[in-house]
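Peer 1: My structure is below; once you've seen it, I'll send some questions.
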Amino acid sequence: MIEQQIAKVMDCVIILLQALSRCGRRLGYMSDRLIDRGLKMENRKRKHRLFYQFLISHILIFAIPFTILSCVVYYNAVVSFKGEVESSNMFKLDQLKKTFDLMAKGLDKTASRISIDTDLTPFSVRNGSYNGVIAKDELATYKDSNVIAEEIALYFHGDDRLYTSVGMSSLETFFSSIYSVAASDADKLIMDLNNLREPELLRLSSVSNKQQNKILVYTVPIPRNSQSPYGTVVFFISESMFTEFATPILGDFIGGVYISDSKGDLFASKSKGIGLAEADIRQLISLYGDDGVYNALIDKEQYSMMRENSESTGWSYIVVMPTSQFIGRVLEMRTFILIVCTVVVMIGISIAFLLSRRQYRPIRGIADRIRSLHALRGNANESKHELDVLWSSVESTREMIEQLDYQRPIVREQFFFKLLKGMMKDVAEIETNVSRENLVWRGESFFVAVISIDSNEYIPMQSREELLRMLSVVPLSNAIGYGVEMTMEQAIVMLMNTDCEPSGMRQVQEAATSELSYLFEGCCGFKPMIGLGNAVSALIDVNRSFIEACAALETSAKSRSGSILFFNDISDWKERHDWYPVEEQIRLVQSMKQGNKEAANAALEAILLDLQEKDSSLFMFRCMSFDLVNTCLKAISEWKLTLLKGHVSLLTEFTSLEQLRQAMTGMIADICNQVESSKQNKNQELGERILRYIQDHFKEYDLNLERIADHFQMSLSYFSRFIREQTGFTFSEYVVDLRMEEVKRQLKQTGQPIKDIVAGVGYADVPNFIRKFKNAEGITPGQYRKLHS
1490 MIEQQIAKVM DCVIILLQAL SRCGRRLGYM SDRLIDRGLK MENRKRKHRL
1540 FYQFLISHIL IFAIPFTILS CVVYYNAVVS FKGEVESSNM FKLDQLKKTF
1590 DLMAKGLDKT ASRISIDTDL TPFSVRNGSY NGVIAKDELA TYKDSNVIAE
1640 EIALYFHGDD RLYTSVGMSS LETFFSSIYS VAASDADKLI MDLNNLREPE
1690 LLRLSSVSNK QQNKILVYTV PIPRNSQSPY GTVVFFISES MFTEFATPIL
1740 GDFIGGVYIS DSKGDLFASK SKGIGLAEAD IRQLISLYGD DGVYNALIDK
1790 EQYSMMRENS ESTGWSYIVV MPTSQFIGRV LEMRTFILIV CTVVVMIGIS
1840 IAFLLSRRQY RPIRGIADRI RSLHALRGNA NESKHELDVL WSSVESTREM
1890 IEQLDYQRPI VREQFFFKLL KGMMKDVAEI ETNVSRENLV WRGESFFVAV
1940 ISIDSNEYIP MQSREELLRM LSVVPLSNAI GYGVEMTMEQ AIVMLMNTDC
1990 EPSGMRQVQE AATSELSYLF EGCCGFKPMI GLGNAVSALI DVNRSFIEAC
2040 AALETSAKSR SGSILFFNDI SDWKERHDWY PVEEQIRLVQ SMKQGNKEAA
2090 NAALEAILLD LQEKDSSLFM FRCMSFDLVN TCLKAISEWK LTLLKGHVSL
2140 LTEFTSLEQL RQAMTGMIAD ICNQVESSKQ NKNQELGERI LRYIQDHFKE
2190 YDLNLERIAD HFQMSLSYFS RFIREQTGFT FSEYVVDLRM EEVKRQLKQT
2240 GQPIKDIVAG VGYADVPNFI RKFKNAEGIT PGQYRKLHS
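Using this note's numbering, the first residue of the sequence shown is number 1490, and each one after it goes up by one.
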């Protein structure tokens, strides 16, 4: 019979070998192609290391279970049945031990959670009947989350009551009526509850419905690891819970399973077909105390004993089986098994190679694409293998997304700033920014409204943030506006868009600014002064409207709060037909004030073109020219700028319009440069003031971003970015660093208690600060003081 089976298997082996031969030829062809591609080169090996990882992984996925399976088959074929059963039982015992260790650990964790539960403290539980109900519900919750405990009880030392998931009862009632425990066992248990210092397992007999049941009582003192516990958590477990887990170990064999505690007392047992007394089991436990398999002689009969001890609980798990039932050995088929294993290994390696190649191909394509993109940027690294390439790409993408999220408000502000300053001359670039910021236009007419924020009027931080949020997008009936804060100009600039015809533009502007004024008053409690520039037909020219709006505000500085100022009103009021355009003069002055060279030169060109076209006498030409020069000199004086000596002669000795243009262009460039430098100095001065304020107040508990932003009348977003630009850190990181340095200084130079030092630098939560200190320095403040003392 066996010879026939071997013959059939050999036929199958021959067929498999033929298939393997075909696969081998295919693999040989594939190997030649791989060799032709230079995979043997060292850099290529590094580059395609992922393929070999795939191959090895697939081989291991196949080889590990196959090797285990082969060993098991071989072991079963050549080793005695007795040894196999013993090993199987040892494995089951180990699993049983781990299962019960986890259960015991779960009970300990439950006890620990009960000990820190504020609803289950002695005061909370004893203080009124309502708290008793809460305690009952809490214990019921812990019981439901514990699969092996049929009841959980809480006992406080010196008390005569026991609190369970079903309510409170006296000890006498509980042990006499509910579990019907013998009086001696109950007295011993009560004594243990009051004197217990370590977890302990007891075995009790309970009579329920005229049936005697074995109950295991697992007691845990609380708090854990305390020398003076105030109570005990009691877990009532049915012995059947343990025996149900132990029963499958025996299977169809005769024997018994026993579980003992650290003292050697049995608390659970299950036997089948043997009649060993408990005294015999105790004797075996005392004789063979270590883990392993033993041969024992009891009443002239040989037994095989397997034992596993738990280090965490101290419990022992024992299986005792008569050796007489282990008879016979299986037929050895060593050669046959080796042939089958060899064939299967070769087929498995072939399949692993094909699967690896198939899975590797798309990943390689992605990695090659990323490499090509890196090569375009000049930072290609061919030595990286695919996972490194993909990981670096993912990390780069993540960093870019984080930077984009952080920079998004800044990008929008920069776009508006450049647009309003006339620094964007490319229509395509403007359209790209508009699309990116999701700006929606209603028409082709644009104008700018500048809302002046009076420095004398205090605006609370919450009101300021709410105002900026409301003005970021303002949809109106016939227009839409987008606002951005310009802190240095102390203004909010609204870029308005409308589909109105030029004839009705004045009415649209008045309606829009009235709505803006109403929104401002609703947030801040007063109406602002708003300057309006003329409408332009292209977004690229909106800086002209911005300059006009700023000029309207500055020229009408004496207007009362709440006024709406139109640039046209100012220019019409000052216009003289025999003089150069006052409108362009205002634009020139305002452009220089903003440091905008391009806009200032454009206004200058418009004035000079008008002078060139006028049919004026030489005297009038020189008068208008000197008036233009005087306008610039007056601006220099008002803004306290310095006029370079080289400009003086050019401005007084010109004899032609071209010489005037050159002189004015040079002076305008110098003025704009000085204005920009002044802005940078003011920005630096503001940064120094803010940092000085933080350094003076970082020890205060209530120091936060809102308070400082409110003090300097800035928006939270602008202030947060400003701090990061000035220090390279976020506000919270900068303050924490200051406090850390101050704490370290005091730890080294003073003997103050750590608690007082931490409280003195603005921390109310001392433990939280100690955790931060340890995370930053690697040691606690106390250790830091000892190290530097």
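Here a beta-carbon is modelled for each residue, glycine too, at the ideal position from N, C-alpha and C.
Computed from a prediction, not measured in an experiment: that's the story for all the values here.
If we ignore side chains and look at the alpha-carbon of each, how far apart do glutamate 1640 and tyrosine 1668 end up?
Peer 2: When rounded, the distance between both Cα atoms is 11 Å.
Peer 1: I'd like to know if the stretch 2148-2155 and the stretch 2178-2194 are in contact, where contact means that at least 3 CB-CB pairs between them fall below 8 Å.
Peer 2: Segments in contact, no.
Peer 1: Judging by CA-CA distance, which residue of Tyr2007, Ala2248, Arg2178 is the nearest neighbour of glutamine 2215?
Peer 2: Looking at the Cα atoms, Arg2178 is the closest of the given residues.
Peer 1: Do you know how far the Cα of leucine 1685 is from the Cα of aspartate 1750?
Peer 2: Cα to Cα, aspartate 1750 sits roughly 16 Å from leucine 1685.
Peer 1: Taking the C-alpha atoms as reference points, what is the distance between leucine 2117 and serine 2034?
Peer 2: Computed Cα separation, rounded: 22 Å.
Peer 1: Can you grab the Cα-Cα spacing for the pair glutamine 2163 / arginine 2181, in whole Å?
Peer 2: Rounded to the nearest angstrom, the two C-alpha atoms are 26 Å apart.
Peer 1: Suppose only complete runs of 3+ residues qualify. What are the beta strand (DSSP E) ranges in the stretch 1743-1806, listed by chain order?
Peer 2: Whole beta strand (DSSP E) segments, 3+ residues: 1744-1749, 1755-1761, 1781-1787, 1790-1798.
Peer 1: Tell me, to the nearest whole angstrom, how far the beta carbon of alanine 1938 is from that of methionine 1983; I am working on the premise that it is less than 8 Å.
Peer 2: Right, their Cβ atoms sit about 4 Å apart.
Peer 1: Report the three-state DSSP secondary structure of methionine 2203 (helix, strand or coil).
Peer 2: Correct three-state label for methionine 2203: coil.
Peer 1: What residues are listed by DSSP as bridge partners for serine 1710?
Peer 2: The sequence shown places proline at residue 1710, rather than the serine named in the question. Beta-bridge pairing links proline 1710 to Thr1721.
Peer 1: Please confirm whether lysine 2233 and tyrosine 2273 have their CB atoms less than 8 Å apart.
Peer 2: Yes.
Peer 1: So proline 1611 packs on phenylalanine 1645, CB below 8 Å; how close in whole Å?
Peer 2: Proline 1611 to phenylalanine 1645, Cβ: 5 Å. Contact.
Peer 1: With H, G and I counted as helix, E and B as strand and the rest as coil, what does DSSP make of serine 1694?
Peer 2: Strand at serine 1694.
Peer 1: Within 8 Å, do at least three Cβ pairs link the stretch 1650-1663 to the stretch 1620-1635?
Peer 2: Counting Cβ pairs under 8 Å, three or more are found: they touch.
Peer 1: Since isoleucine 1940 is in the beta strand (DSSP E), which residue starts that stretch and which ends it?
Peer 2: 1934-1941 is the extent of the beta strand (DSSP E) around isoleucine 1940.
Peer 1: Starting from lysine 1703, follow its DSSP beta bridges and name the residues at the other end.
Peer 2: According to DSSP, lysine 1703 bridges with Ser1694.
Peer 1: Per DSSP, which one or two residues make a beta bridge with valine 1982?
Peer 2: Partner(s): Val1939, Val1973.
Peer 1: If you run the structure through DSSP and keep just helix, strand and coil, what is serine 1659?
Peer 2: DSSP places serine 1659 in strand when its eight states are reduced to three.
Peer 1: Cα-Cα, which of Ala2001, Leu1957, Ser1882, Lys2016 is closest to aspartate 1943?
Peer 2: Answer by Cα proximity: Lys2016.
Peer 1: Determine the direct distance from the alpha carbon of tyrosine 2207 to that of isoleucine 2259, and round the result to whole angstroms.
Peer 2: The straight-line gap from Cα to Cα measures roughly 32 Å.
Peer 1: According to DSSP, simplified to helix, strand and coil, what is lysine 2275?
Peer 2: Correct three-state label for lysine 2275: helix.
Peer 1: Whole-angstrom Cβ separation of alanine 1757 and threonine 1732, contact assumed at under 8 Å?
Peer 2: Correct: roughly 6 Å between the Cβ atoms.
Peer 1: Using a Cβ distance threshold of 8 Å, determine whether the stretch 1989-1997 contacts the stretch 1944-1960, with at least three qualifying pairs required.
Peer 2: These segments do not touch.
Peer 1: Does DSSP put glycine 2267 in a helix, in a strand, or in coil?
Peer 2: Glycine 2267 falls in the coil class under three-state DSSP.
Peer 1: Just verifying my parser: in three-state terms, what is the DSSP assignment at arginine 1931?
Peer 2: Reduced to three states, the DSSP call for arginine 1931 is coil.
Peer 1: Please confirm if the stretch 1716-1727 is in contact with the stretch 1740-1749, defined as three or more CB-CB distances below 8 Å between the two stretches.
Peer 2: In short, these stretches do not touch, since the Cβ pair count stays below three.
Peer 1: What's the C-alpha gap between serine 1861 and alanine 2265?
Peer 2: Cα to Cα, the separation comes out at about 41 Å.
Peer 1: Does the Cβ of lysine 1598 have 16 or more other Cβ atoms within 10 Å, making it buried, or fewer, making it exposed?
Peer 2: So lysine 1598 ends up on the exposed side.
Peer 1: Taking glycine 1740 as the reference, give the member of Met1730, Thr1721, Ser1760, Ser1729 with the closest Cα.
Peer 2: Of the listed residues, the one whose Cα sits closest to glycine 1740 is Ser1760.
Peer 1: What's the call for tryptophan 2128, buried or exposed, on a 16-neighbour Cβ count within 10 Å?
Peer 2: The residue is exposed, with fewer than 16 neighbouring Cβ atoms inside 10 Å.
Peer 1: Within 10 angstroms of its Cβ, does valine 1636 collect 16 or more other Cβ (buried), or is it exposed?
Peer 2: Under this definition valine 1636 is an exposed residue.
Peer 1: For the stretch 1580-1595 and the stretch 1793-1809, state whether three or more C-beta atom pairs, one from each stretch, are separated by less than 8 Å.
Peer 2: Enough Cβ pairs lie closer than 8 Å, so yes.
Peer 1: Measure the beta-carbon distance from leucine 1705 to arginine 1692 and round it to whole angstroms, keeping in mind my assumption that it falls under 8 Å.
Peer 2: Their Cβ separation, rounded to whole angstroms, is 6 Å, which keeps leucine 1705 and arginine 1692 in contact under 8 Å.
Peer 1: Which same chain residues end up closer than 7 Å to isoleucine 2125 when comparing Cβ atoms and leaving out the 5 residues on each side of it in sequence?
Peer 2: If we look at isoleucine 2125 and ignore the five residues flanking it on each side, its Cβ neighbours are Leu2132, Ile2160.
Peer 1: Between isoleucine 1770 and the rest of its own chain, which residues show a CB-CB distance below 6 Å, the 5 nearest in sequence each way excluded?
Peer 2: The residues are Tyr1747.
Peer 1: Applying the 10 Å Cβ sphere with the 16-neighbour rule, what's the burial state of leucine 1820?
Peer 2: Note that leucine 1820 scores a pLDDT of 42, beneath 50, so its modelled location is shaky; the value from the coordinates is reported in the next line. Flag for leucine 1820 reads exposed.
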